[in-house]
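Chains as they are written, first to last, in my numbering: chain R, 3 to 196; chain V, 31 to 209. Glycine is no exception: its CB is placed at the ideal position from the N, C-alpha and C atoms.
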């Protein structure tokens, strides 16, 4: 049986490309439409996995690679944003003020909230934003991975690499005589042909 | 023997439905909290969605004199996902076997109206409407549901397999280092 496709390299490449794109002002506008760029990183990660020619990519593996690329993209995007801000000579406080001004158009308490946020040190605020964006972007990346699997994987699906513990066969009294790891590939016929 | 446990699809689709309900109700809570005079919680609810949605007031549904925290298209996507997951749940409840995922053409057909609508709107060929955005978003969200259920079902096993593979690799390197 062929080894399952590597998820780390595709996730790293896709996350780096789309993370850099997401961190550049104006160019990152597609992200306003349901995190399109982050979803795109998941799609690209899955495409690279399918193209690597290893075993067919399962739905779970595609989601895992997508989630990883989304998380990487979130980190790269935050770092690119900081670099771009520094290159443009803008401070973090200026950016925050702009965001507050935009929010004030919708909700009158934005200025009050800004006062509270101003008490938080910028470095802590940046790190917190980065962590939150990882948790938000990972599911969107996973969604991209799933879409990529639906679009690009044309081969029949293999069972997931590790069986869930609640369906493992009972331990055999004779050591080493149990069924081989991975189980019977024919048991998953209902998922084939998609 | 390795078959998907009976009821796994039902369980997963219900969990995803609950997540979609939570997502939608948080978006809905922002204008309601604002109308009730709870400005800071309302702002927090909007802040949750600000990284994923533009939240332009003119492109959002208004409730009690304030826009929702998600635009009409994102609201449609989440509503469609909810509907799709409920449909998958009802099918999974009737069928003990693992549900097959629909063909690629289904996904493309469901996304085409949303992409076309957005392209026409951006090019200026059509002014667009909030209901068109919501409806096309709902179609796309609905189409995602069966794939999302399949991925969530396989994800724990894949993640466990990956952890085992990594620990095997690390163990092999350690052994090679001691020899």
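Checklist line | Among V:198, V:165 and V:205, nearest to residue 91 of chain V - alpha-carbon criterion | finding: The residue labelled residue 91 of chain V in the question sits at position 61 within the second chain. Residue V:165 is the option with its Cα nearest to residue 91 of chain V.
Note to self: Given this structure, state the Cα-to-Cα distance separating residue 186 of chain V from residue 91 of chain R, to the nearest angstrom.
What the structure shows: If you number the second chain from 1, residue 186 of chain V lands on position 156. If you number the first chain from 1, residue 91 of chain R lands on position 89. Distance between the alpha carbons of residue 186 of chain V and residue 91 of chain R is about 45 angstroms.
Next item on the list: Report the residue from R:130, R:142 and R:10 whose alpha carbon sits nearest the alpha carbon of residue 67 of chain R.
Entry: Looking up residue 67 of chain R in the first chain gives position 65. The shortest C-alpha separation from residue 67 of chain R is found at R:10.
Notebook entry, point to check: Can you tell me whether residue 100 of chain V is buried or exposed, with buried defined as 16 or more other CB within 10 angstroms of its CB?
Noted result: Taking the first residue of the second chain as position 1, residue 100 of chain V is located at position 70. Flag for residue 100 of chain V reads buried.
Margin query: Between which two residues does the alpha helix (DSSP H) holding residue 54 of chain R run?
Written below: Taking the first residue of the first chain as 1, we reach residue 54 of chain R at position 52. Careful: residue 54 of chain R lies outside any alpha helix (DSSP H) and carries neither H nor E.
Notebook entry, point to check: Is residue 85 of chain R buried or exposed, if buried means 16 or more other CB atoms sit within 10 Å of its CB?
Noted result: Position 83 of the first chain, counted from the start, is the residue given in the question as residue 85 of chain R. The residue in question, residue 85 of chain R, is exposed, as its Cβ has fewer than 16 Cβ neighbours within 10 Å.
Notebook entry, point to check: In whole angstroms, what is the alpha-carbon distance linking residue 55 of chain V and residue 49 of chain V?
Noted result: Numbered from 1 along the second chain, position 25 holds the residue referred to as residue 55 of chain V. Numbered from 1 along the second chain, position 19 holds the residue referred to as residue 49 of chain V. Between residue 55 of chain V and residue 49 of chain V, the C-alpha separation is close to 10 angstroms.
Check: Hey, does residue 63 of chain R have any beta-carbon neighbour from chain V nearer than 8 angstroms?
Finding: As a position in the first chain, residue 63 of chain R is number 61, starting the count at 1. Yes - at least one Cβ of chain V is within 8 angstroms of the one on residue 63 of chain R.
Notebook entry, point to check: What's the gap between the Cα of residue 123 of chain V and the Cα of residue 122 of chain R?
Noted result: Numbered from 1 along the second chain, position 93 holds the residue referred to as residue 123 of chain V. Numbered from 1 along the first chain, position 120 holds the residue referred to as residue 122 of chain R. One C-alpha to the other measures close to 49 angstroms.
Margin query: Taking beta-carbon pairs under 8 angstroms, can you tell me which members of the region 153-187 of chain V lie near chain R?
Written below: 174, 177, 178, 180, 181, 182, 183, 184, 185, 186 and 187
Next item on the list: For residue 60 of chain R, decide whether its Cβ has a neighbour in chain V, counting only Cβ atoms nearer than 8 angstroms.
Entry: Residue mapping note: residue 60 of chain R aligns to position 58 of the first chain, counting from 1. Yes, contact with chain V.
Check: Name the chain R residues that come within less than 7 angstroms of residue 134 of chain V, Cβ to Cβ?
Finding: On the second chain, position 104 is the one that residue 134 of chain V refers to. The answer, in chain order, is 152 and 153.
Notebook entry, point to check: Roughly how many angstroms lie between the CA atoms of residue 109 of chain V and residue 202 of chain V, to the nearest whole one?
Noted result: Counted from its first residue, the second chain places residue 109 of chain V at position 79. Counted from its first residue, the second chain places residue 202 of chain V at position 172. Spanning the two alpha carbons is a distance of roughly 48 angstroms.
Checklist line | Cβ neighbour criterion (16 or more within 10 Å) applied to residue 147 of chain V | finding: In the second chain, counting from the first residue as 1, residue 147 of chain V sits at position 117. By the 10 Å Cβ count, residue 147 of chain V comes out buried.
Margin query: I'd like to check one pair, residue 167 of chain V with residue 107 of chain V: are the Cβ atoms closer than 8 angstroms?
Written below: Here residue 107 of chain V is taken as the residue at index 77 of the second chain, counted from 1. Here residue 167 of chain V is taken as the residue at index 137 of the second chain, counted from 1. For residue 107 of chain V and residue 167 of chain V, yes; Cβs fall inside 8 angstroms.
Notebook entry, point to check: Is the number of C-beta pairs between the region 33-52 of chain R and the region 173-186 of chain V that are closer than 8 angstroms three or more?
Noted result: no
Notebook entry, point to check: Where does residue 15 of chain R fall in DSSP's three states?
Noted result: The count along the first chain starts at 1 and reaches residue 15 of chain R at position 13. Helix, per DSSP.
Note to self: Quick check on residue 61 of chain V: does DSSP put it in helix, strand or coil?
What the structure shows: Working through the second chain from its first residue, we reach residue 61 of chain V at position 31. In the structure shown, residue 61 of chain V sits in a helix (DSSP, three-state: H, G or I).
Check: If you count every other CB in all the chains shown that lies within 10 Å of the CB of residue 42 of chain V, and 16 or more means buried, which is it?
Finding: Taking the first residue of the second chain as position 1, residue 42 of chain V is located at position 12. With 16 or more Cβ atoms within 10 Å of its Cβ, residue 42 of chain V is classed as buried.
Notebook entry, point to check: With which residues is residue 83 of chain V paired in a DSSP beta bridge?
Noted result: In the second chain, counting from the first residue as 1, residue 83 of chain V sits at position 53. Answer is R:35.
Check: With which residues is residue 92 of chain V paired in a DSSP beta bridge?
Finding: Position 62 of the second chain, counted from the first residue, corresponds to residue 92 of chain V. In the DSSP output, where bridge partners are listed per residue, residue 92 of chain V has V:97.
Item checked: Meets three-Cβ-pair contact criterion under 8 angstroms: the region 69-84 of chain V and the region 127-142 of chain V -> no
Checklist line | C-beta neighbour in chain V for residue 48 of chain R, strict 8 angstroms | finding: The sequence position of residue 48 of chain R within the first chain is 46, counting from 1. It does not: the Cβ of residue 48 of chain R has no partner Cβ on chain V nearer than 8 angstroms.
Margin query: If we define contact as Cβ-Cβ less than 8 angstroms, is residue 143 of chain V a contact residue for chain R?
Written below: Taking the second chain and counting its residues from 1, one reaches residue 143 of chain V at position 113. No - not a single Cβ of chain R is within 8 angstroms of the one on residue 143 of chain V.
Next item on the list: Return no unless some Cβ of chain V is closer than 8 angstroms to the Cβ of residue 145 of chain R.
Entry: What you label residue 145 of chain R is simply residue 143 of the first chain in a count that begins at 1. Chain V contact via Cβ: present.
Item checked: Residues, ordered as in the chain, of the region 126-139 of chain R that lie near chain V by beta-carbon distance below 7 angstroms -> 135 and 138
Margin query: Can you give me the C-alpha to C-alpha distance between residue 75 of chain R and residue 163 of chain V, rounded to a whole angstrom?
Written below: Here residue 75 of chain R refers to the residue found at position 73 when the first chain is read from its first residue. Here residue 163 of chain V refers to the residue found at position 133 when the second chain is read from its first residue. Computed Cα separation, rounded: 27 angstroms.
Note to self: Given this structure, state the Cα-to-Cα distance separating residue 87 of chain R from residue 132 of chain R, to the nearest angstrom.
What the structure shows: Working through the first chain from its first residue, we reach residue 87 of chain R at position 85. Working through the first chain from its first residue, we reach residue 132 of chain R at position 130. Answer to the nearest angstrom: the Cα atoms are 15 angstroms apart.
Check: According to the neighbour-count rule (16 or more other Cβ atoms, all chains shown, within 10 Å of its Cβ), is residue 47 of chain V buried or exposed?
Finding: Taking the first residue of the second chain as 1, we reach residue 47 of chain V at position 17. Under this definition residue 47 of chain V is a buried residue.
Margin query: Between which residues of its own chain and residue 152 of chain R is the CB-CB distance below 7 angstroms, once the five residues before and five after are set aside?
Written below: Mapped onto the first chain, residue 152 of chain R falls at position 150. Nothing meets the Cβ criterion.
Next item on the list: Label residue 94 of chain V either buried or exposed according to how many other C-beta atoms from any shown protein chain fall within 10 Å of its C-beta, with 16 as the threshold for buried.
Entry: Position 64 of the second chain holds residue 94 of chain V. Residue 94 of chain V comes out exposed.
Checklist line | Residues within the region 64-76 of chain R neighbouring chain V, beta-carbon criterion of under 8 angstroms | finding: 64, 65 and 66
Notebook entry, point to check: Along chain V, which residues have their Cβ under 7 angstroms away from the Cβ of residue 148 of chain R?
Noted result: Residue mapping note: residue 148 of chain R aligns to position 146 of the first chain, counting from 1. Those are 177, 178 and 181, listed as they occur along chain V.
Notebook entry, point to check: How would you call residue 87 of chain V, buried or exposed, if buried means at least 16 neighbouring beta carbons within 10 angstroms?
Noted result: Counting from one through the second chain, the residue named residue 87 of chain V turns up at place 57. Flag for residue 87 of chain V reads exposed.
Item checked: Nearest to residue 136 of chain V (by Cα), restricted to the options V:172, V:121 and V:199 -> By one-based count along the second chain, residue 136 of chain V stands at place 106. Looking at the Cα atoms, V:172 is the closest of the given residues.
Check: Quick one: is residue 151 of chain V near chain R, going by C-beta distance under 8 angstroms?
Finding: Residue numbering aside, residue 151 of chain V sits at position 121 when the second chain is read from its first letter. For residue 151 of chain V, the answer is no, since every Cβ of chain R falls outside 8 angstroms of its Cβ.
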